[in-house]
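Here's the structure we're looking at; comments come further down.
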């Protein structure tokens, strides 16, 4: 199974700087948790799209590819008829975000 965060990808940006890694992972943890909580299926389309887009960028920035791909799918779910699909995808997003956040915490703790 692939790790929720691609540490090789992330290392390209931190160049072994543990303090920078800690900062990036901390920001990711905070951002991912915040945007997942905001992604209610009943959100207006623009709010849903903005939350999904922001989560996608944060995820891909740290190499959380699975979460980023789910967020990209979510970003395209606009229109009234999408509410049920959003609810189902939100469960997958929450699971992927939890895995990525847990992995980010492990990586951060190891770097300390």
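Residue numbers (this note's numbering): 102 to 213.
In this text, a Cβ means the ideal position worked out from N, Cα and C, and glycines have one as well.
Quantities reported herein were computed from a predicted structural model and do not represent experimental measurements.
Alpha-carbon spacing of residue i relative to residue j, whole angstroms
| i | j | result |
| --- | --- | --- |
| residue 185 | residue 142 | 7 Å |
| residue 180 | residue 170 | 20 Å |
| residue 202 | residue 133 | 7 Å |
| residue 129 | residue 188 | 23 Å |
| residue 146 | residue 102 | 34 Å |
| residue 116 | residue 154 | 27 Å |
| residue 74 | residue 114 | Nothing about residue 74 can be read from this structure; the chain reaches only from 102 to 213. |
| residue 138 | residue 167 | 18 Å |
Pair within 7 Å by beta-carbon distance, residue i and residue j
| i | j | result |
| --- | --- | --- |
| residue 136 | residue 152 | yes |
| residue 126 | residue 208 | yes |
| residue 165 | residue 106 | yes |
| residue 157 | residue 182 | no |
| residue 140 | residue 206 | no |
Minimum C-alpha distance to residue i - residue among the options
| i | options | result |
| --- | --- | --- |
| residue 176 | 118, 113, 148 | 148 |
| residue 110 | 187, 160, 203 | 160 |
| residue 112 | 162, 196, 191, 140 | 162 |
Assumed close pair residue i, residue j - CB separation to whole angstroms, cut-off 8 Å
| i | j | result |
| --- | --- | --- |
| residue 213 | residue 123 | 7 Å |
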